[in-house]
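The block underneath contains the structure these notes are about, expressed in structure tokens.
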Amino acid sequence: SINIKTREGNWTEWHWRLGWWHLLAPGKFNNENSPSDRWERIKQQQRLEVLPWRKQGTHILIPLQKNNDSVVQTMMDRYGSMRNWLNTTIAEIRKYSNRPSPDGTKFTRNIEGGPGLLTELADAWAVVGYNTSTLFESITDGIPTVSLDPDALTGPCSMPLQLLENPPMDIDRTQWLYDMAYISWTMDELQQGVAWEHLKGKY
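Here the sequence shown is numbered in my numbering, starting from 1201 and rising by one per residue.
Take a look at the structure:
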């Protein structure tokens, strides 16, 4: 399976996700209890920073999925449409929190990343999503995050909706980040057989 590139850099620095049988959590990536080396390299290459968990912000951000996203089909299977998922999610959030969405209404805008996303993340109390790359961003930014797709790779660092107003500050992201670094590979690593050497143990 192939996934999106990392945040920055030219195409030779992009990463493609490779796994057996599935591209999300049910997949076999041979990455359990991975060492830190790949994460440290990617973190330096992409100039990434993992911020401490925080309890600040005003709104709850609900990022949507792109229409052609690979996980939209499971959302359709479970909810019928993205609108139904959004309505259901808002209703569930309202059981535990009365915080507004970024624009002060019941519905959020679909943000494609960049400055708009960064602005809304900056003042977000929490992020509640299905299975979007925004959830990776919010977790590394220290924003309490809810992943609603059971197949989401962000599941280990996700909290239940019931804790929206009292999010846990003790979720350890360290091993998760190490493991996530061992699911994606550069084109050089693909061509040199590095990815195959890693993955063949799960064949």
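We put the CB at the ideal spot given by N, CA and C, even for glycine.
Closest in alpha carbon position to residue 1285, among 1341, 1214, 1252, 1348, is 1348. For residue 1222, there is no enclosing alpha helix (DSSP H), as DSSP marks it with neither H nor E.
In the structure shown, the three-state DSSP call for residue 1261 is strand.
Within the region 1302-1390, complete alpha helix (DSSP H) segments of at least 4 residues are found at 1315-1322, 1334-1340, 1374-1381, given in chain order. Comparing C-alpha distances from residue 1222 to each of 1337, 1358, 1351 shows the shortest one belongs to 1351.
If you compare the alpha carbons of 1364, 1326, 1276, 1291 with that of residue 1267, the shortest gap goes to 1276. Taken through DSSP and simplified to helix, strand or coil, residue 1253 comes out as coil. Looking from the CA of residue 1400, the closest CA among 1214, 1231, 1210, 1225 belongs to 1231. Secondary structure note for residue 1284: its alpha helix (DSSP H) is the uninterrupted segment 1282-1294.
The DSSP-derived three-state label of residue 1299 is coil. Residue 1214 places its beta carbon 7 Å or farther from that of residue 1257.
Rounded to the nearest angstrom, the Cβ distance from residue 1236 to residue 1379 is 10 Å, too far for a contact under 8 Å. When the Cα atoms are used, residue 1356 and residue 1270 turn out to be separated by approximately 21 Å. For residue 1216, the three-state secondary structure derived from DSSP is strand. For residue 1250, same chain residues with a beta-carbon under 6 Å away, outside a window of 5 residues either side, are 1340 in chain order. Per DSSP, residue 1402 lies in no alpha helix (DSSP H) and is assigned neither H nor E. With respect to the 7 Å criterion, residue 1297 and residue 1218 are not classified as neighbours on the basis of their beta carbons.
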